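Top to bottom, those sequences are chains A and B.
Residues in the first sequence are numbered from 17 upward in steps of one, following my numbering.
Residues in the second sequence are numbered from 17 upward in steps of one, following my numbering.
Yeah, the Cβ is synthetic: ideal placement off N, Cα and C, and Gly gets one too.
On a predicted model such as this, the values are computed, not experimentally measured, just so you know.
As structure tokens, the structure follows; a few thoughts come after it.
Protein chains: 2
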Amino acid sequence: MLLSDVGEFGLIERVAEIVGGDDERVVIGIGDDCAVLEWNDAKYLLVTTDTLVEQVHFRLDWATPEDVGGRAIAANLSDIAAMGGTPLAATVSIATPPELAVDTVEELYRGMQQVSAKYGLPIVGGDTVKSDRWITLSITVLGEVKKGNLLTRSGARPGDVVVVTGTLGDAAAGLDVLERGTGTMSPEIEGRLLAAHLRPEPRLREIQLLFDSLTPTSCIDLSDGLASDLRHICTASGVGAEVELEKVPISVECHNIAALTGKPALEYALSGGEDFELLLTIPPDSVGDLPRLLRATTTKVIGRIVDDASIVTGVDIEGNRVALGKGYEHF
Amino acid sequence: MLLSDVGEFGLIERVAEIVGGDDERVVIGIGDDCAVLEWNDAKYLLVTTDTLVEQVHFRLDWATPEDVGGRAIAANLSDIAAMGGTPLAATVSIATPPELAVDTVEELYRGMQQVSAKYGLPIVGGDTVKSDRWITLSITVLGEVKKGNLLTRSGARPGDVVVVTGTLGDAAAGLDVLERGTGTMSPEIEGRLLAAHLRPEPRLREIQLLFDSLTPTSCIDLSDGLASDLRHICTASGVGAEVELEKVPISVECHNIAALTGKPALEYALSGGEDFELLLTIPPDSVGDLPRLLRATTTKVIGRIVDDASIVTGVDIEGNRVALGKGYEHF
């Protein structure tokens, strides 16, 4: 049997069975956005890691090395945000062909440094090795979280509302701009979509703002797409969910490219992935606090958690259930 | 300018300049076996990461996937030992071609699990992504160290003695067995050399034993070879070193393959690399305690630290200075 037969999530399940095991220092192991370790009386230590492969996850003819580096750091920081945490330190490993220009590698690290400096994340170590042909970039980010603020995928309860921290689909739309080539829409529109794809912003500030007056019950970062990531929350929490499709926030720019490509804007939003917005669940009695926070962030209510775990569905404006589609599959 | 022009250490210097920066939480950043972060009054947090690329660092026709996985964990644990630390948790990222057999990946993780379980290291997370052609394995290990036990590369002082925790050159000799094909020496000899290469033992227990009665001033793990790694200690500490070549511990098995290949046994020992023994410096007044510890471990005195930083040399049995040669260069 090949990896392509079992897929990413099939593989993760098998791996987790092999390496799983009890350890009193481990609060959460494989299966959430970060691993969670005991740190001290007040805080947990968070660990997350992401690997990016050239020609699979990025192309240097589509993105500058700075953008690739910055985006790789941002993706890891998004995982820290999804657990309610703040950044602590990063290590960066790079495998590159020896015939790569030193300038290219320096630009990659400059892009990482810019984003990590912006969010207070020192890069403290790493490894540099030779590869056969393509660059592989593997980043590990440590974070910390107050014990009372820890958010996982498994705390959603029936009746909770589902919220997202920003418009969805822009990153996937930006990838379409790169694939089609620029110049078919206005430079402003293309620029905003490209920025969403190339320079995503981890929601570290937003999640701390939400803690001020809300008590989120679960959280995940939208890396694989709403359809897939909401399923992760539901599976881990043993609940279902209904998404009111007309409430899913979609940007004007995403509607623009949808009109051009003929692919529904909602498909970008539900299946696109890599928006790095957060998907949270919040108790219904907190919803009253959202309007004030909505001004400070771009958080929107898009649905609710239901008791029946077999239901993870969209609901259209007429109340009909509509499939949410699939997310990004890595193999 | 290409990476092959500046080499691994040239690249690390450039990278360290880009990502360097002060942060009060960072005790030691890029440039030692682990990064060191503030944790609490009693302890520091250690972070180390290693990336292994198929066909560059391992071949699945020479090593079983179990051996590759176990060795990757051991190499990271060796970095924790080199800082005087004990293991805390690991993350594992793997990039693999989709047409790889699931069994192969499971065996890799089984090998990692065996070694990590042996040393009390839970594997708590990771990433699984698609690669173009070869496997890239990137492992990050966290450790902890009592503040008083922290060992770095920079504490060696003139007059200190240089010690190593075991025989050197066996791992390189084991690689030669693989390259030449087995069957030219006795199965016992080949088996011992292959084990040194494929299943190295991180010196976690030995370093804790040494703390009981010695106060090491600096430490590094022998991953690039004695010649190269001793230079790292000397550069970081601003000192020189003389190695008494006849005292470098070399196994009977290594002498056996040297007789067969015509390559001097000392060359295996000085330039071979990946033995994952520790190289330590110890104040001369502690040397009296070594004999007792020598029975418990295989630690041997091989030289001494000198004031003149321009001298990092071997000394032969007649007192003549002899070049130590080069270590492993990654690009």
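List the whole-angstrom C-beta distance separating V328 (chain B) from A212 (chain B), where the pair is believed to meet the contact cut-off of C-beta under 8 Å.
About 25 Å; that fails the 8 Å criterion.
What in chain B is Cβ-close to L116 (chain A), meaning under 8 Å?
L18 and L19
Quick check on R366 (chain A): does DSSP put it in helix, strand or coil?
The question about residue 366 (chain A) has no answer, for chain A in this structure spans 17 to 347.
May I ask you to report which of helix, strand or coil DSSP gives P280 (chain B)?
coil
Whole angstroms are fine: how far does the CA of M99 (chain A) sit from the CA of D305 (chain A)?
21 Å
Verify whether the separation of the beta carbon atoms of R41 (chain B) and L53 (chain B) is less than 8 Å.
yes
Among the residues of its own chain, which have a CB less than 6 Å from the CB of H248 (chain A), if the five just before and after it don't count?
R169 and I236
Which term fits S229 (chain B), buried or exposed, when burial requires 16 or more other beta carbons within 10 angstroms of its beta carbon?
exposed
Tell me which residues of the region 185-196 of chain B have at least one Cβ-Cβ distance to chain A shorter than 9 Å, keeping chain order.
none
So is K59 (chain A) buried or exposed if we call it buried at 16+ other beta carbons inside 10 Å?
buried
Sub-8 Å separation of R320 (chain A) and V178 (chain A) beta-carbons:
yes
Among the residues of its own chain, which have a CB less than 7 Å from the CB of P81 (chain A), if the five just before and after it don't count?
T120, E123, L124 and G127
Measure the Cβ-Cβ separation of T102 (chain A) and D176 (chain A) and say whether it is below 8 Å.
no
CB-CB length for G289 (chain A) against S239 (chain A), believed under 8 Å:
6 Å
Nearest neighbour of V322 (chain A), chosen from A:L246, A:I273 and A:P307 [CA to CA]
A:L246
Partner residues on chain A for L53 (chain B), Cβ-Cβ distance less than 8 Å:
L104, A105, V140 and L158
Through-space distance from P203 (chain A) to P138 (chain A), alpha-carbon basis:
34 Å
To which residues of the same chain is T107 (chain B) closer than 6 Å at the C-beta, ignoring the five residues directly before and after it?
G141, G142 and T156
For my contact list, A172 (chain B) and Y284 (chain B) are in at a C-beta cut-off of 8 Å; report their separation, rounded to the angstrom.
Not confirmed; about 25 Å, so no contact.
Start-end ranges of the alpha helix (DSSP H) lying completely within the region 79-124 of chain B, minimum 4 residues
81-98
Spell out whether any CB of chain B is found under 8 Å from the CB atom of D148 (chain A).
yes
Check whether the Cβ atoms of T64 (chain A) and I96 (chain A) lie closer than 8 Å to each other.
yes
Those runs of the alpha helix (DSSP H) which lie wholly inside the region 217-269 of chain A and span at least 4 residues
220-229 and 242-253
C-alpha distance - W55 (chain B) paired with W55 (chain A), whole-angstrom precision
8 Å
Counting only beta-carbon atoms, is V42 (chain B) nearer than 8 Å to chain A?
yes
Please decide whether V131 (chain B) counts as near chain A, where near means a Cβ-Cβ distance under 8 Å.
no
How about E122 (chain B): is its C-beta nearer than 8 Å to some C-beta of chain A?
yes
What residues from chain A crowd round N165 (chain B), counting only those whose CB sits closer than 7 Å?
What N165 (chain B) touches in chain A: nothing, since even the nearest Cβ is about 19 Å away.
Can you grab the Cα-Cα spacing for the pair D77 (chain A) / K279 (chain A), in whole Å?
25 Å
Residues sharing a beta bridge with A51 (chain A), DSSP:
A:V63
Classify K146 (chain B) as buried or exposed, calling it buried when 16 or more other Cβ atoms lie within 10 Å of its own Cβ.
buried
Give me the subset of the region 313-338 of chain B whose CB atoms are less than 9 Å from a CB atom of chain A, sorted by chain position.
none
Could you please give me the residues that DSSP links to K162 (chain B) through a beta bridge?
B:K59
Strictly under 8 Å for the Cβ-Cβ distance: is L286 (chain B) near chain A by that measure?
no
For A111 (chain A), decide whether its Cβ has a neighbour in chain B, counting only Cβ atoms nearer than 8 Å.
yes
Pull out every residue of the region 222-241 of chain A whose Cβ sits closer than 7 Å to any Cβ of chain B, in chain order.
none
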